[in-house]
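In terms of the working numbering, the sequence shown is residues 6 to 328.
All C-beta atoms in this analysis are idealised placements derived from N, C-alpha and C, irrespective of residue type, glycine included.
Since the structure is predicted, the reported quantities are computational estimates derived from the model, not experimental observations.
A short worksheet on the structure shown next.
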Amino acid sequence: MTIRAVVRGVGHYLPERVVENAEFEATLDTTDDWIRSRSGIERRHFAAEGETTSDLAARAAGAALSDAGLTAGDLDALIVATSTADLTFPSVATMVQDKIGMVTGFAFDVQAVCAGFIYALANAQALIASGQASRVMVIGAETFSRILDMTDRGTCVLFGDGAGALVLEAAEGAGTPADRGILATDLHSDGRHRDILYVDGGVSTGTSGVVKMQGREVFRHAVEKLAATAHAALAKAGLGEDDVDWIVPHQANLRIIKATAQRMGLPMERVILTVQDHGNTSAASIPLALSVGKHDGRIRQGHLVVTEAIGGGLAWGSVVLRW
């Protein structure tokens, strides 16, 4: 017998304000065509004034609990992946815990930028496999619009705000690749490359800072590392590319997603895409895409799903799960 972390429910939330590419044409040397051709992004959502990361996360959490047919009192743990916390401390997770009425268990944040949700899933799987928790809520939530330089067309047109959440539940499996739940994880980081994607603020500067990125270098590392980590996780699970029903990648850039799928030998018809509507929502992008794919009927019970992401750090990794 093997204990697996099985998806019980999924949900997401997007702020009301939709920002089309054309909105940037008034203030930047850019066009809708330029943005689409380089990123695949057509629009994104920005949080309203006063709307925080914990607000978005709590809305997504509520949607996931409803999908699972559970209440906050049924949860043992809550993990939030984010790089845009409301405050330096306490954690966004404890704020969400309060907002959804979860008065038992424990809550904490994970910070691995765009790879944060992958890291959070790996932590949730470990908590469940070790017996420390039976049900874990995992949330990716970001308000990246708050840390963008709106004069830098190389970054400000790429990011958006949103949140997605999964409820994971312990279930017995046979210990084979046919089990439902998380089958394998693969995590990596390399601090030597921290300067190609970072925010120039924090405690040391006394400011929140803005995103700084060397786009070409990030693209090169992403294409190389994402396919490699996906292959590694599949191998750990005893599976191959032909077994994959869906790739649900970090939604950063359509060209990166296409290049990664090509390296994995999988057609784009087996990739869940939301980048065109959400932009890069960092740690929120994978759970957002999982929620969209599940609720529109594409991701169904028994499907094999591969998720992968790379972000500042550099930090990257992948998860193989059977829905």
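Item, Value
"Cross-strand partners of His193 (DSSP beta bridge)", "Trp321"
"Simplified DSSP state of Thr99, which is helix, strand or coil", "helix"
"According to DSSP, residues forming a beta bridge with Met142", "Leu83 and Val172"
"Simplified DSSP state of Arg275, which is helix, strand or coil", "helix"
"Under 8 angstroms between C-beta atoms of Leu83 and Met100", "no"
"Stretch-stretch touch, CB-based, cutoff 8 angstroms, three pairs: the stretch 263-278 with the stretch 228-236", "yes"
"Beta-carbon gap between Gly284 and Val118 smaller than 8 angstroms", "no"
"Chain-order list of residues whose beta-carbon lies under 7 angstroms from that of Gly214 (same chain, five-residue window excluded)", "Ile152, Val204, Asp205, Gly206 and Gly207"
"Close-in-space but distant-in-sequence residues of the same chain around Leu202 (CB under 6 angstroms, 5 per side omitted)", "Met218, Val223 and Gly317"
"Three-way DSSP call (helix, strand, coil) for Trp251 in this model", "strand"
"Neighbourhood of Phe111 by C-beta, 7 angstroms cutoff - its chain only, sequence neighbours within 5 removed", "Ala82"
"Extent of the continuous alpha helix (DSSP H) run through Val297", "Ser290 to His300"
"Element boundaries [alpha helix (DSSP H), containing Glu313]", "Where Glu313 is concerned, there is no enclosing alpha helix (DSSP H), although the beta strand (DSSP E) it sits in stretches over Leu309 to Gly316."
"Ser150 and Gln116 closer than 8 angstroms at C-beta", "no"
"From Gly270, Thr190 and Asp282, residue whose alpha carbon lies closest to that of Ser323", "Thr190"
"Cβ-Cβ separation, His255 to Ile345 (assumed contact under 8 angstroms), whole Å", "One cannot answer for residue 345 here, as it falls past the ends of the chain, which runs 6 to 328."
"Cβ-based burial, Asp38 [other Cβ within 10 Å; buried from 16]", "exposed"
"Residue from Ala238, Pro20, Met6 and Thr212 whose Cα sits closest to the Cα of Asp166", "Pro20"
"Reference Trp321; option with closest CA among Gly196, Leu278 and Ala242", "Gly196"
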